[in-house]
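In what follows, a single structure is set out as structure tokens and then discussed.
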Amino acid sequence: MSIATDILPFIPQRPPFVMVDTIEACDEAGATTTFTVREDNIFVENDLLQEPALIENIAQTAAAHNGFMCLKDNKPVPVGFIGAVQSLKIDKLPKISDVLSTSITIKNQIFNATIIQGQITCNGEEIAGCEMKIFISEQ
């Protein structure tokens, strides 16, 4: 059961650049989101969601985590920026109407930098993953 079905309050991105639909779980250690691949997605080519969307999906899952935790504490939702992507592995591109489940785990957080590990599964199969360094802008 989703804990948030309206994702927009938790992330700074806006359509058509939103790559997450719901928050399924969220706590201090990480978060899980879902995303349904739609035909009109700006990153769909030849009925497949392309690599940049998978990276953005992981980043937006991290943003949703941060936004959820901030709103829980009555703080404004900050803007974050991808600083680095490491150990990127993409085994398969999802097709239209596939539902992605994306999980991020916080590995380290120092000042305004957060290192996360992200994994995307589709139909029970891990299709992508990476480590990502994200910088949060100062308010």
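Going from the sequence shown to this note's numbering is simple: count from 1 and add 43.
From the three backbone atoms N, C-alpha and C, an ideal C-beta is built for every residue, glycine too.
Under the three-state DSSP convention, the category residue 112 falls into: As a working note, residue 112 is residue 69 in the sequence shown. Here residue 112 sits in helix by DSSP.
Who are the Cβ neighbours of residue 150 in its own chain at under 8 Å, not counting the five residues just before and after it? Position 107 of the sequence shown, counted from the start, is the residue given in the question as residue 150. Excluding positions up to five away in sequence, the list reads 158, 159, 160, 174.
In this structure, does DSSP put residue 65 in helix, strand or coil? On the sequence shown, position 22 is the one that residue 65 refers to. Residue 65: strand per DSSP, three-state reduction.
Sorted by chain position, which residues of the same chain lie with C-beta nearer than 7 Å to residue 107's C-beta, five sequence neighbours on each side aside? Position 64 of the sequence shown, counted from the start, is the residue given in the question as residue 107. For residue 107, where only same-chain residues beyond five positions count, the Cβ hits under 7 Å are 50, 53, 54, 63, 66, 74, 76.
For residue 129, collect the residues of the same chain with a Cβ closer than 6 Å to its Cβ; drop the 5 residues on either side in sequence, then sort them by chain order. Here residue 129 is taken as the residue at index 86 of the sequence shown, counted from 1. Counting only Cβ-Cβ distances below 6 Å, and skipping sequence neighbours, we find 174.
Determine the burial state of residue 72: buried for a count of at least 16 other Cβ atoms within 10 Å of its Cβ, exposed for fewer. To locate residue 72, count along the sequence shown from 1; it is residue 29. Exposed, by the Cβ-count rule.
So, do the region 129 to 149 and the region 162 to 169 have three or more beta carbon pairs nearer to each other than 8 Å? Judged by Cβ distances under 8 Å, the region 129 to 149 makes contact with the region 162 to 169, as three or more pairs qualify.
Name the one or two DSSP bridge partners that residue 179 has. Counted from its first residue, the sequence shown places residue 179 at position 136. Answer by DSSP bridge pairing, in chain order: 123.
Beta-ladder partner(s) of residue 142, from DSSP: What you label residue 142 is simply residue 99 of the sequence shown in a count that begins at 1. Paired residues: 79.
Roughly how many angstroms separate the alpha carbons of residue 78 and residue 143, rounded to a whole number? Mapped onto the sequence shown, residue 78 falls at position 35. Mapped onto the sequence shown, residue 143 falls at position 100. One C-alpha to the other measures close to 5 Å.
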